[in-house]
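Respectively, the protein sequence lines represent chains B and R.
Quick note: the first sequence uses my numbering, first residue 6, plus one each step.
Quick note: the second sequence uses my numbering, first residue 1311, plus one each step.
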Amino acid sequence: MKKDIILAGVGGQGILSIAAIIGHAAVETGLYLKQAEVHGMSQRGGDVQSNLRLSDKPIASDLIPHGKADMILSVEPMESLRYLPFLSPEGWVVTNTKPYINIPDYPNEEDLMAEIGKLPHHVALDAESIAAELGTIKAANIVMLGAASPFLDLEYEKIKNAIVFFFGRKGQDLVDLNLKALEAGREFAQKNMN
Amino acid sequence: MQKLLLLGDEAIAQAAIDAGLSGIYAYPGTPSTEITQYVISSKEAKEKGIVATWTANEKTSAEAALGMSYAGKRAMTCMKHVGLNVAADAFINSSITGANGGIIFVVADDPSMHSSQNEQDSRFYGKFAMIPILEPTDQQEAYDMVHYGFDLSERFQVPVMMRITTRLAHSRAGVQRKSSRKPNELKLPENLKQFILLPAIARKQYKVLLENQVHFEQEAENSTYNTYTPGNDKSMGIIACGLAHNYLMENYPERDIPYPVVKVSQYPAPEEMIRKLYDECESILVLEEGYPLVEELLKGLLNKGKKIKGRLDGSIPRDGELNPAIVGKALGFDIPELTPIPSLVSNRPPSLCKGCSHIDSYNGLNEALEKYGKGRVFADIGCYTLGALAPYDAINTCVDMGASITMAKGAADAGLKPSVAVIGDSTFTHSGITGLLDAVNDKSSITVFILDNATTGMTGGQPSSALGKIEDICRGLGVEEEHIRIIKPLSKKHEENLAVIREELEYDGVSVIIPRRECIQTLNKRMREKFKAKAQEEKS
Chain B
6 MKKDIILAGV
16 GGQGILSIAA
26 IIGHAAVETG
36 LYLKQAEVHG
46 MSQRGGDVQS
56 NLRLSDKPIA
66 SDLIPHGKAD
76 MILSVEPMES
86 LRYLPFLSPE
96 GWVVTNTKPY
106 INIPDYPNEE
116 DLMAEIGKLP
126 HHVALDAESI
136 AAELGTIKAA
146 NIVMLGAASP
156 FLDLEYEKIK
166 NAIVFFFGRK
176 GQDLVDLNLK
186 ALEAGREFAQ
196 KNMN
Chain R
1311 MQKLLLLGDE
1321 AIAQAAIDAG
1331 LSGIYAYPGT
1341 PSTEITQYVI
1351 SSKEAKEKGI
1361 VATWTANEKT
1371 SAEAALGMSY
1381 AGKRAMTCMK
1391 HVGLNVAADA
1401 FINSSITGAN
1411 GGIIFVVADD
1421 PSMHSSQNEQ
1431 DSRFYGKFAM
1441 IPILEPTDQQ
1451 EAYDMVHYGF
1461 DLSERFQVPV
1471 MMRITTRLAH
1481 SRAGVQRKSS
1491 RKPNELKLPE
1501 NLKQFILLPA
1511 IARKQYKVLL
1521 ENQVHFEQEA
1531 ENSTYNTYTP
1541 GNDKSMGIIA
1551 CGLAHNYLME
1561 NYPERDIPYP
1571 VVKVSQYPAP
1581 EEMIRKLYDE
1591 CESILVLEEG
1601 YPLVEELLKG
1611 LLNKGKKIKG
1621 RLDGSIPRDG
1631 ELNPAIVGKA
1641 LGFDIPELTP
1651 IPSLVSNRPP
1661 SLCKGCSHID
1671 SYNGLNEALE
1681 KYGKGRVFAD
1691 IGCYTLGALA
1701 PYDAINTCVD
1711 MGASITMAKG
1721 AADAGLKPSV
1731 AVIGDSTFTH
1741 SGITGLLDAV
1751 NDKSSITVFI
1761 LDNATTGMTG
1771 GQPSSALGKI
1781 EDICRGLGVE
1791 EEHIRIIKPL
1801 SKKHEENLAV
1811 IREELEYDGV
1821 SVIIPRRECI
1831 QTLNKRMREK
1841 FKAKAQEEKS
């Protein structure tokens, strides 16, 4: 088993918390893991990514080779396209559709969605809206994790356990809310795989 | 013991705690920050009484660590590559004094300049100082090498350098801990003159260092971190240093490399191993993250003999960090055609946070400078360097820590008026104070903005050494009281601030303007914690 995942977003959007949850589930499964993060200057509103590598064999490189990523999981639509040179031809793009606009030359949204629509394997969802229906847009990243979950080759139970582990000390309400968010994202992906 | 999922930086920190560390000193700098941050936040380190502290700059860090080594205890000092420039005086001379308690200089290089102004390779500093250098390949090796490094340092009474790069510093993997050992007892050097670098003593000490070179070479030859792996295809031999070894492995998923490989993770480079490789192979490929240190060793001045491939002959790009594709190409693999990035994807450079005080400071400065024209703002290193980008376009230089004030002085001496320096509070106490003293002594006509956001912002909000001291420092240096102006950088105070800035730009002498407002990130963090504490209180 090998899963190479590029997590993408804008500095401050919290992609590392998604990485931490997947990482926890992977370690609980007994997999090897390497996860390269971006710290420093780019965290100030710039484009950020994390290379998350899971495998049942020892992993050599901290960076995913070009053309080998199994998934790009992006919490921002334009950022989902920035790392396409890393995606394998069979790889999936799972992306949020809510733009994060902090630059003057952000592309036209319709063009952007059309570009994402052209990708051979993708799931695109408005994670904020789904999270808002459940009660808080703060759970949007967990909705995205849920949408990615069918492609992770990790037992769903293990991912749920990781959610419990991370939100447990913040109270049962938050655990339940995030489990619902996870489930909502997963359901969406299962119905809308393109 | 269970494996811990740690960043390379954190693995080094945990290892130091486990290896009997007594003190760690650093100034924050990407990608080295998380080492010291980890020890400062560690409950275990606190219980063990380990001193873990941010210092004014890398030089003071290195010297404090050397002092701890003098007293017989294990010390670590951590910095980014350019931080070693600041600490260089202490670093190079510490190789002559030697160590008493084990001391490791951890230096984190940033090839590709993700968060830096250059990509200098610290191994050259280590070689220059003639001390052993450790260059871990992965997180586990980084952990293991700290124990080994302290032992090496104590055995040969010499400081040891550990060199890492961004990808190891900021990448997480499972790390197996060793059992923890006790710190050293306080114990002065046997020779109480060891650390006095008077010429007569320094000459002797230097000879000791020179005599030790052969031992350092032998250590590298026998080190378990340097390996020779045979291969049947002798058309090429490969030398892979540190992290580069991972990228080599990545290109052979079954690990069936046909060529002989020398892995180098400890320097001086293992000469015998490399000679053997050179003798038996038709050509050599050198893979190293950073400058071509080993490649130059191999080529020598006249470049006679076999073909050496690497950064110097173009097999590997001359600049930037390595990755699996670059190494794959050098190995002769076809790199598949890649999906291009769609043309509609725009660049998204980092930017000042919404609500950041620097925005208001730059808005005021820009407007006040309109009548004089562009090109007169000397800036420094920190979040405010982002003032170089649109829409501010507010600064003209960023060179090294503290250079804003001294460069503004030089330009003012040349006749540029007004000449403006922009420096952050933490950078000011790091390296700005002495420059301000120069300007005061020469009565240079400069306007210095000390942007006081009460933190070291760019690296994640570590405490600033300048906190609550800036006016006193300026007064003490001799800046006139009436030209130390404190303003509150807020848009509603724009007109008021503008008047102050305009006045001081006209002043013929040293004036200091201190825009003071807390960093929006640390403020938010503080509020969140306050809110949490309050909620906790209500619960109980």
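Backbone N, C-alpha and C fix where the C-beta goes; we use that ideal spot for every residue, glycine too.
Can you pull the chain R residues whose beta carbon is under 9 Å from the beta carbon of residue i, in chain order?
i, result
"residue 72 (chain B)", "1635, 1645, 1646, 1647, 1648, 1649"
"residue 61 (chain B)", "In chain order: nothing, as chain R lies at least about 13 Å away."
"residue 158 (chain B)", "The premise fails here: residue 158 (chain B) is roughly 17 Å from chain R at the closest Cβ pair, so nothing lies under 9 Å."
"residue 32 (chain B)", "1313, 1315, 1484"
"residue 76 (chain B)", "Simply none; closest approach about 14 Å."
"residue 126 (chain B)", "Within chain R, no residue comes near residue 126 (chain B); the closest Cβ sits about 12 Å away, beyond 9 Å."
Over what stretch of residues does the alpha helix (DSSP H) that includes residue i continue unbroken?
i, result
"residue 1522 (chain R)", "1509-1532"
"residue 1592 (chain R)", "Premise fails: residue 1592 (chain R) is in no alpha helix (DSSP H) and is neither H nor E."
"residue 93 (chain B)", "Per DSSP, residue 93 (chain B) belongs to no alpha helix (DSSP H); it is in the beta strand (DSSP E), 92-101."
"residue 1476 (chain R)", "1476-1479"
"residue 117 (chain B)", "114-122"
"residue 1458 (chain R)", "1449-1466"
"residue 1401 (chain R)", "1391-1407"
"residue 1638 (chain R)", "1634-1640"
"residue 130 (chain B)", "Careful: residue 130 (chain B) lies outside any alpha helix (DSSP H), inside the beta strand (DSSP E) at 127-130."
So that I know if they touch, is there some Cβ in chain R lying closer than 8 Å to that of residue i?
i, result
"residue 122 (chain B)", "no"
"residue 16 (chain B)", "yes"
"residue 95 (chain B)", "no"
"residue 49 (chain B)", "yes"
"residue 177 (chain B)", "no"
"residue 40 (chain B)", "yes"
"residue 112 (chain B)", "yes"
"residue 66 (chain B)", "yes"
"residue 37 (chain B)", "yes"
"residue 28 (chain B)", "yes"
"residue 19 (chain B)", "no"
"residue 173 (chain B)", "no"
"residue 190 (chain B)", "no"
Output yes or no for whether 8 Å exceeds the beta carbon distance between residue i and residue j.
i, j, result
"residue 141 (chain B)", "residue 182 (chain B)", "yes"
"residue 1492 (chain R)", "residue 1330 (chain R)", "yes"
"residue 1595 (chain R)", "residue 1640 (chain R)", "yes"
"residue 38 (chain B)", "residue 153 (chain B)", "no"
"residue 1729 (chain R)", "residue 1705 (chain R)", "no"
"residue 1832 (chain R)", "residue 1343 (chain R)", "no"
"residue 1742 (chain R)", "residue 1780 (chain R)", "no"
"residue 76 (chain B)", "residue 193 (chain B)", "no"
Examine chain B for any beta-carbon lying closer than 8 Å to the beta-carbon of residue i, and answer yes or no.
i, result
"residue 1662 (chain R)", "yes"
"residue 1422 (chain R)", "no"
"residue 1693 (chain R)", "yes"
"residue 1654 (chain R)", "yes"
"residue 1425 (chain R)", "yes"
"residue 1389 (chain R)", "no"
"residue 1837 (chain R)", "no"
"residue 1768 (chain R)", "yes"
Could you spell out where the beta strand (DSSP E) holding residue i opens and where it closes?
i, result
"residue 1759 (chain R)", "1757-1761"
"residue 1841 (chain R)", "No beta strand (DSSP E) holds residue 1841 (chain R); the alpha helix (DSSP H) holding it covers 1830-1849."
"residue 79 (chain B)", "74-79"
"residue 1821 (chain R)", "1821-1825"
"residue 1316 (chain R)", "1314-1317"
"residue 1804 (chain R)", "Residue 1804 (chain R) -> not in any beta strand (DSSP E); alpha helix (DSSP H) instead, spanning 1804-1816."
"residue 1415 (chain R)", "1413-1419"
Check the Cβ of residue i against every Cβ in chain R and list those closer than 8 Å, keeping chain order.
i, result
"residue 107 (chain B)", "1658, 1661"
"residue 117 (chain B)", "1654"
"residue 6 (chain B)", "Within chain R, no residue comes near residue 6 (chain B); the closest Cβ sits about 13 Å away, beyond 8 Å."
What residues from chain B crowd round residue i, counting only those whose CB sits closer than 9 Å?
i, result
"residue 1675 (chain R)", "The contacting residues do not exist; residue 1675 (chain R) stays about 20 Å from chain B at best."
Give the interface partners of residue i over in chain R, defined as CB-CB distance under 7 Å, in chain order.
i, result
"residue 52 (chain B)", "1658"
"residue 198 (chain B)", "The contacting residues do not exist; residue 198 (chain B) stays about 19 Å from chain R at best."
Return the residues of the stretch 1549-1566 of chain R that lie within a Cβ-Cβ distance of less than 7 Å from chain B, sorted by chain order.
Under the 7 Å Cβ criterion, the stretch 1549-1566 of chain R contributes 1556, 1557, 1559, 1560.
Using a Cβ cut-off of 9 Å, which residues of the stretch 1454-1486 of chain R contact any Cβ in chain B, in chain order?
Residues passing the 9 Å Cβ filter: 1476, 1477, 1478, 1479, 1480, 1481, 1482, 1483, 1484.
Compile a chain-ordered list of the residues in the stretch 1325-1358 of chain R whose CB is closer than 8 Å to at least one CB of chain B.
Of all residues in the stretch 1325-1358 of chain R, only 1340, 1341, 1343, 1344 place a beta-carbon less than 8 Å from a beta-carbon of chain B.
Chain-ordered residues of the stretch 80-92 of chain B with a beta carbon less than 7 Å from chain R:
Contact annotation: in the stretch 80-92 of chain B, residues whose CB is within less than 7 Å of a CB in chain R are 83, 86, 87, 89, 90, 92.
Residues within the stretch 1697-1713 of chain R neighbouring chain B, beta-carbon criterion of under 9 Å
The residues in question are 1700, 1701.
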